[in-house]
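To keep things clear, I will list the structure first and then write my remarks on it.
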Amino acid sequence: MCKLHDWLTEIHQWHLNKRYDQVAQLQPLILNAPQEIWGPDLSDDQSKAIACWLDACLRQYEYYKLIDGELAFQYLQLAYARFQRCVSEPNSELELKSWCIKRMQQLMVLSLEHLNQQHVDEALSQSLIDAHVRFLAYYAWNDDQGIKRGY
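For the sequence shown, the numbering used here assigns the number 65 to the initial residue and increments by one for each residue that follows.
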């Protein structure tokens, strides 16, 4: 695995060269992202890296969704699982957890839309929804996150 700064340099270089049709070059960066990206503390570089990592996964999804729907779906699930792991990490900062939960919500919607377009058995969609709801309930994410309201 490479260091965070080196990883960011590589992914920014890909963007600078505008190689948007060559998404396969992003795959090693997705799969070998440095552990520093995932917390537990949140720095500016880490924040950029998480966003770039998600962008790379979404580029894989967009590229493959019409030619290999299963592979496209796997990239959505990879991102979802990675963010789920960040939320599950007890030492992760609340800001990081909140950002990850928001992205998980978006990834879930995108996953369900994808499955609907692929005409996949509805049972898979329902199981994803059920697991997502259970995860959010377990972490009480709709609670006030420790912020006391004056009412």
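For each residue, glycine too, the CB sits at the ideal point set by N, CA and C. Here the structure is a predicted model, which means the values were calculated and not measured.
Fewer than three Cβ pairs drawn from the segment 84–93 and the segment 105–115 lie within less than 8 Å of each other, which leaves the two stretches out of contact. Annotated as distal: residue 190 and residue 133, with beta-carbon spacing of 8 Å or more. In terms of CA proximity to residue 166, 196 leads the group 103, 196, 85 and 69.
Excluding the 5 residues flanking it on each side, residue 192 has same chain C-beta neighbours closer than 8 Å at 172, 175, 176 and 179, in chain order.
Shortest Cα-Cα distance from residue 168 to any of 186, 200, 188 and 153 involves 200. Separation of residue 127 and residue 86 (C-alpha to C-alpha, rounded to the nearest whole angstrom) is 9 Å. Remark: C-beta atoms of residue 104 and residue 156 approach each other more closely than 8 Å. Judged by beta-carbon spacing, residue 98 lies within the 8 Å limit of residue 71, meaning their Cβ atoms are closer than that value.
88 is the residue among 160, 188, 81 and 88 whose C-alpha sits nearest the C-alpha of residue 139. For residue 141, the enclosing alpha helix (DSSP H) starts and ends at 133–152.
Linking residue 121 to residue 137 through their CA atoms gives a straight-line distance of about 10 Å. Within the same chain, no residue comes within 6 Å of residue 69 by CB-CB distance, once the 5 residues on both sides are set aside.
Around the C-beta of residue 144, 16 or more other C-beta atoms lie within 10 Å, and the residue is accordingly described as buried.
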